[in-house]
Structure formats: C-alpha cells, structure tokens
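Inspection log for the structure reproduced underneath, given as structure tokens.
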Amino acid sequence: MFEHLSLAAAAFRKAGHASLEGRALAELGAALLVHERSAKAARALQDAVALFERSRPCAPVLRAQWAVCLARLGEVTRAWSVFRTGLSTDEPPPVLRGTLYWTAQFLLEAGQARTATLLAALLEAQSPPEDALFLAGPMKGLRDQLAASLLPEALKDAAERGRTLSLEKGVRVVEALATQPGVIARN
C-alpha cells in the first residue's frame, strides 16, 4: 500500500536529492501514522526530520508527528524529548497550524487532553477559511477523541480558552507545559 513512497524515497536517496527524499519519507510517515502503523511511521519520520533539519522547512510538523508515533508505541519520555526540540514560534502560520494539530494529537496520546482541547479550539478559531475543508475530517476525529477523554465542563472550559489564543500563544502554552517538572514523569 505504501511501497510507492518507499521506492520514491530510495530512488531520491540514490540520486542524491535529499529534499525530495525527505518529502517522500514525510509523506510515507504521515500515511503510516494515519493507518496506525506507528513503528514504521516513527522510523520514516525520524529519517525525514534528520534530512529536513538541515533546511528546516517542515521539521516542526514532522517532529510532532514523530512524537505521536513514539507516544503510541509507549515511548512517552522519548516522545517528549523529540517533541520539545521542534517547538518554535518563528515558523510561518501554515507550519504553525500543522505543528499545533499534531501537537494536539501528541498531547492527547501523552495524557494531556485539556491542553490538546485548547489547541484544537485555537486551530479552529485561527485557521483561515481555505483550511476549513482540509481540517474538517481530522479535527472531527480529534474532537471525538477529546470528548471521550474529558468531562463536559473541562472540555468546554479548555475550548473557550483556546478560541481566544493566537497561534504564537498556543506554542508558548505548549512550551511551558513541556518544560514543567514532572509532566513527563506523570505520563
């Protein structure tokens, strides 16, 4: 099912096209992640991050996806380390939105459903209309998972707070959470 992406990555590697190899690995990792094949996705995303960090165009999004894979594999401490390294407010808004979407997924996997809800609401409030169609499916799945993880009052409170934040403030909230002593230990 994903063989064409693996073959593309290998061909680009052989031809010396690191950026195209990185894109193929990123696509492969994202596809595997969506299909719940976390171990293979983690390897592909780790390789993509290594290639992209040289030029940094998509590394924050890929790091957040990689952290989701690691959390699903039970490697939460390593996931926090991978995740924390990729946070930055210096990215363009589309990269910030992608990073925050996958960050919300990671936080849900890491037991931080309240902050994940805050980010989901922020994304819905801060995304331009042209992103609405793209986000509709993934956000519905995320909202359903969050609703199953939190009491209705906590869900409503976090969502209301999230709608008032900017993308940059959302990254700062997550940075603060990622540096709190004991957050990793509780997961």
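The UniProt record's numbering puts the first residue of the sequence shown at 1, with every later residue one more than the last.
For glycine and all other residues, C-beta sits at the position ideal for the given N, C-alpha and C.
Keep in mind that this is a model prediction, so the values were computed, not measured.
For residue i, three-class secondary structure by DSSP
| i | result |
| --- | --- |
| residue 193 | Because residue 193 is not part of the residues shown, which for the chain are 1 to 187, the question remains open. |
| Arg37 | coil |
| Phe52 | helix |
| His4 | helix |
| Gly22 | helix |
| Gly29 | helix |
| Ala9 | helix |
| Gly137 | helix |
Residue i to residue j span [Cα, whole Å]
| i | j | result |
| --- | --- | --- |
| Leu165 | Gln126 | 8 Å |
| Thr115 | His4 | 37 Å |
| Leu108 | Gly137 | 17 Å |
| Arg186 | Leu177 | Confidence at Arg186 is low in this model, with a pLDDT of 49, below 50, so its placement is unreliable and the value that follows should be read with caution. Rounded to the nearest angstrom, the two C-alpha atoms are 12 Å apart. |
| Phe52 | Ala154 | 37 Å |
| Lys140 | Ser19 | 32 Å |
| Gly162 | Leu7 | 41 Å |
| Leu118 | Phe83 | 18 Å |
| Glu36 | Leu150 | 23 Å |
| Val68 | Leu142 | 13 Å |
Minimum C-alpha distance to residue i - residue among the options
| i | options | result |
| --- | --- | --- |
| Leu28 | Leu123, Val49 and Gln112 | Val49 |
| Trp80 | Thr99, Ala64 and Val173 | Ala64 |
| Pro128 | Leu167, Ala31 and Leu45 | Leu167 |
| Leu32 | Leu100, Leu70 and Val174 | Leu70 |
| Gln46 | Val173, Glu153, Arg13 and Trp66 | Trp66 |
| Leu135 | Leu123, Asp144 and Leu146 | Leu123 |
| Ala113 | Ala9, Glu91 and Asp157 | Asp157 |
| Tyr101 | Pro92, Phe2, Thr85 and Val61 | Val61 |
Min CB distance residue i to chain D below 8 Å
| i | result |
| --- | --- |
| Gly29 | In summary, chain D is missing from the structure at hand, where a single protein chain is found. |
Which full runs of the alpha helix (DSSP H) of 4+ residues lie inside the region 140 to 179, going along the chain?
152 to 163 and 167 to 179
Note down, one range per segment and in chain order, each alpha helix (DSSP H) of at least 4 residues found wholly within the region 72 to 134.
76 to 85, 93 to 109 and 113 to 126
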